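Numbering (my numbering), first residue to last: 195 to 626.
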Ligand code: SDX
């Protein structure tokens, strides 16, 4: 029994009840209300999970007021500066940074799983060429369980590990195939001598006709963006993965569910929406009119890439991506880029405006990432797919944590029912 207790008292005659309070290693305490219904016949009511911790986790920690993000205790700034994506993936999955031998083994294993079953390429051909990449990604990743059903016993740790490797290794291949398919270009097979990120860029931009050479500045930029997107505790898509996983669904099905959830413009789809918004604004001189529409909530106008449920301060990832953005634009000699000028002017206006100050709305991870992608020649419709490729690591780590959690139960929220009470069926002829 926990030493700290919360006492809930009622004004309707229900006797008061004590609930245990638990402390994490850092962050707010939680009140364990699991016995509330059994003890009182009442539920908690928390649409949007404003005050609900859905699980114990030791993967990612966010302090939203201070703008702090850590994977397994390591500040995101240090990882973005010093690590490569696979090292971060190892850390997120295993809890510790790898030593040199572990790193080599992990990199080798991922590299040797990058090819996809040849039959999968025929699966792509069922899609229209103009399909949204996220629609294709949901379908193809969901279909992986039909291709890799030799290791789908979720109760076998080795099977879970194999599926984790397969997902992390194949997502870049599948994401690039999605792009190639939309362009009508041949799929490129992965090349094992390239790094994870180089391989992804090669499969995106290489063709069989010419030699493709990686650009270290651009590779590093993408590496950094993938690191920054790798995990973010119990966000909507991760919670979707966990909810699907709580039913015992296989990991490919769970990750496909996560991809579908990420797609929405309030979540990962915001990176695409930011570019559309910047296009719509068009020019610095149109910013005041746009901000006015946002503040008046005119036609659901929103400043996309701004605001966050947890961060009530600058999202630390947005700062790092803004820095990367400048590096990429300088490397590509796009210094006087109109988009970045517009984005920075928009950010400045918003950060000085009372509407945004009072609501603590700051740029989030999606505000600047699209500008980097665009500079790299990645079409806007691919932005969220790249977010999904990076987040697959977080999703699979969270899924593994869920499966190994002895407290885990099928996710099954309840409701406050406000519909009709019992009434008798009226035959059609007698209805008015
Ligand atoms: C991601 O959760 C995660 O960790 C997600 C993520 C991850 O890595 O997994 O960080 C990735 O999803 C980033 C967020 C990307 N989304 C956007 O950029 C879309 C724009 N942002 C908003 O839709 C919104 O800020 C959310 C969805 C991100 C957060 O929503 P909340 O916490 O439910 O806040 P809210 O909608 O209740 O907003 C509170 C107030 C409201 O005003 P009032 O009703 O009080 O007058 O702030 C306003 C909102 O209208 N508001 C905005 C705004 N965001 C919130 N007003 C204008 N522009 C915005 N962007």
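Glycine included, every Cβ here is placed at the ideal spot set by N, Cα and C.
Given the structure is predicted, the values throughout are model-derived calculations rather than measurements.
Kindly list the residues whose CB is nearer than 7 Å to the CB of residue i, restricted to its own chain and excluding five residues on each side of it in sequence; keep chain order.
| i | result |
| --- | --- |
| residue 430 | 455 and 461 |
| residue 468 | 498, 499, 560, 561 and 564 |
| residue 523 | 529, 531, 534 and 569 |
| residue 300 | 280, 284 and 292 |
| residue 512 | 557, 558, 559, 561 and 562 |
| residue 492 | none |
| residue 549 | 489 |
| residue 397 | 366, 367, 370, 382 and 384 |
| residue 435 | 448, 449, 451, 452, 589, 592 and 593 |
| residue 433 | 248 |
Which residues in the same chain have their Cβ closer than 8 Å to the Cβ of residue i, if we skip the five residues on either side of it in sequence?
| i | result |
| --- | --- |
| residue 238 | 227, 230 and 246 |
| residue 628 | This structure leaves residue 628 out entirely; the chain is present only between 195 and 626. |
| residue 602 | 249, 440 and 596 |
| residue 326 | 575 |
| residue 553 | 501 |
| residue 359 | 303, 304 and 307 |
| residue 401 | 379, 380 and 382 |
Rounding to the nearest angstrom, what Cα-Cα distance links residue i and residue j in this structure?
| i | j | result |
| --- | --- | --- |
| residue 575 | residue 207 | 56 Å |
| residue 193 | residue 598 | Any property of residue 193 remains undetermined from this structure, which presents the chain solely from 195 to 626. |
| residue 380 | residue 386 | 19 Å |
| residue 610 | residue 242 | 14 Å |
| residue 594 | residue 220 | 22 Å |
| residue 298 | residue 334 | 29 Å |
| residue 276 | residue 356 | 27 Å |
| residue 339 | residue 443 | 10 Å |
| residue 567 | residue 625 | 58 Å |
| residue 160 | residue 274 | Here the chain has residues from 195 to 626 only, and residue 160 is not among them. |
| residue 216 | residue 197 | 9 Å |
| residue 264 | residue 271 | 9 Å |
| residue 487 | residue 346 | 50 Å |
| residue 210 | residue 224 | 19 Å |
| residue 312 | residue 361 | 16 Å |
| residue 376 | residue 544 | 36 Å |
| residue 314 | residue 407 | 27 Å |
| residue 412 | residue 423 | 17 Å |
| residue 417 | residue 395 | 11 Å |
| residue 518 | residue 463 | 20 Å |
| residue 470 | residue 537 | 12 Å |
| residue 409 | residue 445 | 34 Å |
| residue 261 | residue 240 | 24 Å |
| residue 489 | residue 619 | 48 Å |
| residue 521 | residue 572 | 17 Å |
| residue 343 | residue 600 | 25 Å |
| residue 607 | residue 527 | 52 Å |
| residue 366 | residue 382 | 11 Å |
| residue 251 | residue 282 | 17 Å |
| residue 388 | residue 405 | 13 Å |
With a threshold of 6 Å on Cβ separation, who are the neighbours of residue i within its own chain once the five nearest residues in sequence on each side are excluded?
| i | result |
| --- | --- |
| residue 212 | 199 and 201 |
| residue 555 | 500 and 501 |
| residue 287 | 591 |
| residue 390 | 279 and 280 |
| residue 363 | 304, 307 and 308 |
| residue 540 | 481 |
| residue 473 | none |
| residue 459 | 467 |
| residue 310 | 364 and 367 |
What is the C-beta distance between residue i and residue j, in whole angstroms, given that I count them as a contact (C-beta under 8 Å)?
| i | j | result |
| --- | --- | --- |
| residue 371 | residue 457 | Between residue 457 and residue 371 the Cβ distance is about 18 Å, and since that is not below 8 Å, they are no contact. |
| residue 485 | residue 547 | 6 Å |
| residue 331 | residue 582 | 6 Å |
| residue 427 | residue 256 | 6 Å |
| residue 289 | residue 266 | 6 Å |
| residue 586 | residue 465 | Actually they are not in contact, since the Cβ atoms of residue 586 and residue 465 sit about 16 Å apart, beyond 8 Å. |
| residue 627 | residue 425 | The question about residue 627 has no answer, for the chain in this structure spans 195 to 626. |
In terms of residues, what are the limits of the alpha helix (DSSP H) holding residue i?
| i | result |
| --- | --- |
| residue 200 | Counting along the chain, residue 200 falls outside any alpha helix (DSSP H), though it belongs to the beta strand (DSSP E) covering 198–202. |
| residue 551 | 548–552 |
| residue 410 | 410–423 |
| residue 445 | 445–456 |
| residue 233 | 230–234 |
| residue 435 | 430–439 |
Report yes if the C-beta of residue i is less than 7 Å from at least one heavy atom of ligand 2; otherwise report no.
| i | result |
| --- | --- |
| residue 494 | Among the ligands modelled here, namely ligand 1, ligand 2 does not occur. |
For the beta strand (DSSP E) containing residue i, list its first residue and its last residue.
| i | result |
| --- | --- |
| residue 478 | Here residue 478 belongs to no beta strand (DSSP E), and DSSP marks it neither H nor E. |
| residue 211 | 211–216 |
| residue 255 | 254–257 |
Of all Cβ atoms in chain D, is any one closer than 8 Å to the Cβ of residue i?
| i | result |
| --- | --- |
| residue 280 | Considering every chain present, this structure includes no chain D. It has just one protein chain. |
Q.
Which complete beta strand (DSSP E) runs does the region 262–305 hold, if anything under 3 residues is left out?
A. 262–265
Q: Run through the region 314–391 for me and flag every whole alpha helix (DSSP H) of 4 or more residues, listed as ranges in chain order.
A: 327–341 and 351–377
Q.
Please give the ranges of any alpha helix (DSSP H) in the region 514–584, keeping only runs that are unbroken, at least 4 residues long and fully inside the region.
A. 532–545, 548–552 and 560–569
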